[in-house]
Amino acid sequence: MIGSFREFRSLFLHQFASSRKHRKTELSLFSIRQREGESLKDYLQRFNTAALKVPSATQEVKANAFAQGLMDGDFFKLLAKKSATKFDVFLDRTAKYINMEDAQASKERARRKA
1 MIGSFREFRS LFLHQFASSR KHRKTELSLF SIRQREGESL KDYLQRFNTA
51 ALKVPSATQE VKANAFAQGL MDGDFFKLLA KKSATKFDVF LDRTAKYINM
101 EDAQASKERA RRKA
């Protein structure tokens, strides 16, 4: 039995504190990493979904977090050579690279069928 309001408050907060939604911060974007075998397209989609939950993140923060989460590979090297501080520039370069990958995959499939 609850003996006082103070005890009730403590029990109530303890019970429901874990279900409270925590606000995402810019730092949470830096924990997003491209997974082994995950396509660039899927990583970008997952990153964008998370970035939308952090409205305070600047273009520069999003660009740095996105680049830092990339797996080593051709696209990462391309970004390292031509760095950018605006996320919109990263999105444009990423879209072009994804289109190039899709075109190469399509060409490879056509070659196998022939």
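Residue numbers (full-length UniProt numbering): 1 to 114.
For glycine and all other residues, C-beta sits at the position ideal for the given N, C-alpha and C.
Just so you know, these numbers come straight off a predicted model, no measurement behind them.
Buried or exposed: residue i, going by 16 or more other Cβ atoms within 10 Å of its Cβ?
i	result
phenylalanine 16	exposed
phenylalanine 66	buried
leucine 11	exposed
glutamine 34	buried
May I have the straight-line CA-CA distance separating residue i from residue j, to the nearest angstrom?
i	j	result
alanine 63	isoleucine 98	17 angstroms
glutamate 26	arginine 9	32 angstroms
leucine 79	lysine 113	34 angstroms
phenylalanine 30	isoleucine 2	44 angstroms
glutamine 45	arginine 111	29 angstroms
lysine 96	alanine 51	20 angstroms
glutamate 7	threonine 94	55 angstroms
lysine 77	arginine 23	33 angstroms
glutamate 108	aspartate 102	10 angstroms
leucine 13	lysine 53	25 angstroms
isoleucine 32	serine 83	19 angstroms
threonine 104	lysine 81	A small correction: the amino acid at residue 104 is glutamine; threonine does not occupy that position in the sequence shown. Spanning the two alpha carbons is a distance of roughly 22 angstroms.
phenylalanine 5	glutamate 36	52 angstroms
Just tell me which of the options has its CA closest to the CA of residue i.
i	options	result
valine 61	Arg112, Ser28, Gln45 and Lys113	Ser28
leucine 91	Leu13, Asn48 and Ile32	Asn48
residue 119	Leu13, Phe75, His14 and Glu36	This structure does not reach residue 119, given that the chain is present from 1 up to 114, and the question cannot be answered.
Between the region 52-71 and the region 86-101, do at least 3 Cβ pairs fall closer than 8 angstroms?
yes
Whether or not the region 61-72 and the region 30-50 are in contact is what I'm after, with contact meaning three or more pairs of Cβ atoms, one per stretch, closer than 8 angstroms; do they touch?
As far as the Cβ criterion goes, the region 30-50 touches the region 61-72, which means the pair count is three or higher.
Fully enclosed by the UniProt domain "Retrotransposon gag" (3-70), which alpha helix (DSSP H) runs are 4 residues long or longer?
Counting only runs of 4 or more, we get 5-16, 26-29, 40-51 and 59-69.
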